[in-house]
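Residue numbers (the numbering used here), protein chains in the order written: chain A, 1 to 384; chain B, 1 to 424. One structure is given here, and the rest of the page talks about it.
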């Protein structure tokens, strides 16, 4: 068992995570076959869950049809899929950046919420600005808020060695309470309301709908293009820039990176800030593009689902894009499933959790479907 | 020999010294800052005196109310804190600084209470009673964390295990009564502990990813079952609640009686589990082996301990403890399951484990502190203080960050914590 890529036990948690998350060699089975099989097995287990809770075969069939038509079946469904995928892609990119640098950031949810609140604040407080200035300002506010919140964890790690998993979990809860407070008090709370809800974002800060010309009910908005842009930028930063090389180097081998003269503390803070900025952008995107205001739980667990997206995408920007689209489709289809077949959308959460398990445990997938791996991997994965 | 010693000490000690000095300074500044804050913010606003009610309506031995003149008390506390702070600056040996800090924080909390209750009447015993009740799930979550991290398995999935226990407790409790409900909750909690073990030990999933996945899975599964099944069959979500059970004689002691000895099964169960876990971990052969596996699995393996088996067993037991803690939410509290009803208590349990320095008794004590903050937050709404309760609710999380960062004291995890062990 002591192969060349086995590290001694003292190599640290970050390396262990990294080994699971980042694929260094091109391996068709791991990159293509395992994710596809994971999704298929998770869907099958989802069907079995429905069966176990007394849902009839006919309803199960109907819900899978609804899952498909609700996500890809029409232009409206496609618009819903892309709308749901947008924050997942943005947030997943941030987490992927962290994974690449050996940082496990569980705090995306808190960064996303605070980013959203900051974007709402800028979105309704600055009056009389043209959209071309107001929108970038509001997005920037979200990014800055997320970045600052995340860099607390980065700074603590760099300065004191506090593990980022614990600090980001705690920062999440602090962010939740802070949001509770902000939404219940002026100036964020909507005037004349006693329940926690924010003022509405002004027209000039709302992200324009992309398909409004076809049908105003299509919700797809500018945020999706921003997410695509972010994929390109993160790809360039990670694989084409010096700082990206430093990110990856300090993730792959922190000791070596330090000996090579890289400032490890600075890199940790910077990576966390970038991840937080992307999560904050995702939050800003939700309030400016979809919801129009902030309310409790407006984040809807996107920060946690994005962990799954980053894992499924193997921490590669393009992989994150594809994984985000898949999860967006599951969300959009899940809503349709709830309406058309009466099956609770929480089933989607089960399927997503199962996908994480299988992605993180390729050995488990190999145990469940050994026949898929026996033959030449290229032909098999092509056939699927 | 001397040369080697000086070389090694030159390598290790400056860093330690610096850390110790930093801790000392941070502690000193914290104490001084608290003193100033208390004198300025609390001291100036108060006029009357605070009345603390010590007896509950049904107590056997009534006690007179405790009346504290607010302004003098607050200034005395501020003075003591300032003295502690200056003393820390001048000669703060690291030896007593945590004790002084502890006393200082306790006094600060007392001053805060006096300030909040100034001119009003406040049931101290009632708050302490609810402190203990609220500490139960946190303590059990923390104990579950201790049991699994002592064998080097990081358990982020405690929250999910609590939730699974809460759900099972409600459903099985509704069908077959409370005791069987608890058994079912422990069984399901143990199952998730075993699943965590299987994922991280046999399938070598990263421990944090496995924990996150368990949390998401249980949240999804219980929410799905709740909206798909429980809304239709309401009789499945109507469990009996364990009533308080007064221990004869002990429950008649003023203040302590109602707080400690007039509680329900879960409070007594949590205390008993903490005692058993302490005995197991530190006074039995199996416990020594478990700790060896957590500190140095290679050495343990060399001595013939089956590392994988020890980890499986301990993580499963941890899951059962968390399942019992989860049953508190339904069988020990409200009798019905609501989606996501654990509300992050599992993560506070994780914080309690760190605060308690990976020791069962420490985790229990930390849980009591967090339970106190929790119940204080509830009571503050009644007293209508100008401090928003949300900020008080943040306190446990901020305190955890400070502790993890080693700004005040340092909590040390088991050496192999979080690392998978791959047998050669």
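Virtual Cβ for every residue (Gly too), placed ideally from N, Cα, C.
Neighbours of residue 361 of chain A in chain B, taken as residues whose beta carbon is under 7 Å from its own, are 199, 203 and 205 in chain order. Contacts between residue 312 of chain B and chain A, judged by CB atoms closer than 9 Å, are missing: the closest CB pair is about 16 Å apart. Residue 53 of chain B has B:123 as its beta-bridge partners, per DSSP. What residue 227 of chain B touches in chain A, judged by beta-carbon distance under 9 Å, is 344, 345 and 346, going in chain order. In the DSSP assignment, residue 69 of chain B falls within the unbroken beta strand (DSSP E) covering 66-69. Residue 373 of chain A places its beta carbon 8 Å or farther from that of residue 364 of chain A. Annotated three-state conformation of residue 198 of chain A is strand, per DSSP. At a cut-off of 8 Å between beta carbons, residue 259 of chain A makes no contact with chain B. Contacts with chain A (Cβ-Cβ distance below 8 Å) from the segment 386-403 of chain B involve 388, 390, 391, 393, 394, 397, 398, 400 and 401, listed in chain order.
Taking each of B:326, B:253, B:273 and B:356 in turn and checking the Cα distance to residue 414 of chain B, the smallest one comes out for B:356. Residue 38 of chain A and residue 36 of chain B have their alpha carbons spaced roughly 58 Å apart. For residue 264 of chain A and residue 406 of chain B, the gap between their C-alpha atoms comes out near 20 Å. In the structure shown, residue 263 of chain A adopts coil according to DSSP, grouped into three states.
Check the Cα spacing between residue 325 of chain A and each of A:336, A:313 and A:335: the tightest is with A:313. Under the DSSP assignment, residue 219 of chain B falls in the alpha helix (DSSP H) whose first and last residues are 207-225.
Per the Cβ contact rule, the segment 122-139 of chain A is not in contact with the segment 92-100 of chain A (fewer than 3 Cβ pairs under 8 Å). Closest option to residue 115 of chain A, judged by alpha-carbon separation, among A:306, A:285 and A:353: A:285. 156, 160, 162, 163, 165, 166 and 167: these are the residues of the segment 146-167 of chain A whose beta carbon lies less than 7 Å from some beta carbon of chain B, given in chain order. Within the segment 139-170 of chain B, no residue has a Cβ lying closer than 7 Å to any Cβ of chain A. In this structure, residue 68 of chain B places its C-beta atom within 8 Å of the C-beta atom of residue 50 of chain B.
Between residue 336 of chain A and residue 67 of chain A, the C-beta gap is smaller than 8 Å, which places the two residues in contact. Distance from the Cα of residue 324 of chain B is smallest, within the candidate group B:288, B:385, B:179 and B:336, for B:179. Interface with chain A (8 Å Cβ-Cβ cutoff): residue 224 of chain B is included. Taken atom to atom, the span from the alpha-carbon of residue 31 of chain A to that of residue 213 of chain A is near 39 Å. Collapsing the DSSP output to three states places residue 262 of chain B in a strand.
For a Cβ distance threshold of 9 Å, residue set 169, 170, 172 and 173 of chain A lies close to residue 347 of chain B, ordered along the chain.
As a beta-bridge residue in DSSP terms, residue 209 of chain A pairs with A:221.
Annotation: the segment 228-309 of chain B contains the following complete segments of the alpha helix (DSSP H) (minimum length 4 residues), in chain order: 256-260, 265-283, 285-295 and 297-302. Around the Cβ of residue 339 of chain A, a 10 Å sphere holds fewer than 16 other Cβ atoms; the residue is exposed. Residue 338 of chain B sits in coil when the DSSP states are folded into three classes, being neither helix nor strand. In terms of Cβ geometry, residue 81 of chain B and residue 162 of chain B do not form a close pair [threshold 8 Å]. For residue 30 of chain A, the nearest beta carbon of chain B is not closer than 8 Å to its own beta carbon.
According to the DSSP assignment, residue 99 of chain A belongs to the alpha helix (DSSP H) that extends over 75-100. For residue 322 of chain A, same chain residues with a beta-carbon under 7 Å away, outside a window of 5 residues either side, are 313 in chain order. Around the C-beta of residue 171 of chain A, 16 or more other C-beta atoms lie within 10 Å, and the residue is accordingly described as buried. Out of B:319, B:136, B:330 and B:236, the CA that lies nearest to the CA of residue 270 of chain B is found in B:136.
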